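Let me begin by presenting the structure, written as structure tokens, before commenting on it.
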Amino acid sequence: MQHTCSICGTVYDFVWKEGTPLPKNFPFCSERCKAADLAKWLNEEYAISSPLPSLILSDTERELLVELGADLDDDDID
Ligand SMILES: [Zn+2]
0 MQHTCSICGT VYDFVWKEGT PLPKNFPFCS ERCKAADLAK WLNEEYAISS PLPSLILSDT
60 ERELLVELGA DLDDDDID
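Residue numbers for the sequence shown follow numbering that gives the first Met the number 0, beginning at 0 and rising by one.
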């Protein structure tokens, strides 16, 4: 089955069998796109509320988010 990444528009093969976990980055093509979507979401949330849930992020996701401009510096929250 094929799926279109909603971040970059890449059409990628999506292999999934019923009863197994979804692919790690679903519905995105890559961890980078997953992080980009998360960054978008976090930036919107951050405008309204409080500390970012950075603890739920993997190190790779944190690095990607910082690279994408998300403010994940926990020490800098008022
Ligand atoms: Zn993508």
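Backbone N, C-alpha and C define an ideal beta-carbon position, used for all residues, glycine too. If you're wondering where the values come from, they're calculated on a predicted model, not measured in any experiment.
Identified DSSP bridge partners for residue i
i          : result
residue 12 : 1
Check: residue i C-beta below 8 Å from any heavy atom of ligand 1
i          : result
residue 31 : yes
residue 27 : yes
residue 9  : yes
Own chain partners of residue i with C-beta closer than 7 Å, once the 5 adjacent residues on each side are dropped
i         : result
residue 6 : 27, 32, 35, 36
Integer Cβ distance of residue i from residue j, believed to fall under 8 Å
i         : j          : result
residue 1 : residue 14 : Not a contact, Cβ separation roughly 10 Å.
Beta-carbon proximity list for residue i, same chain, < 8 Å, skipping 5 on both sides
i          : result
residue 60 : 30, 33, 34, 37
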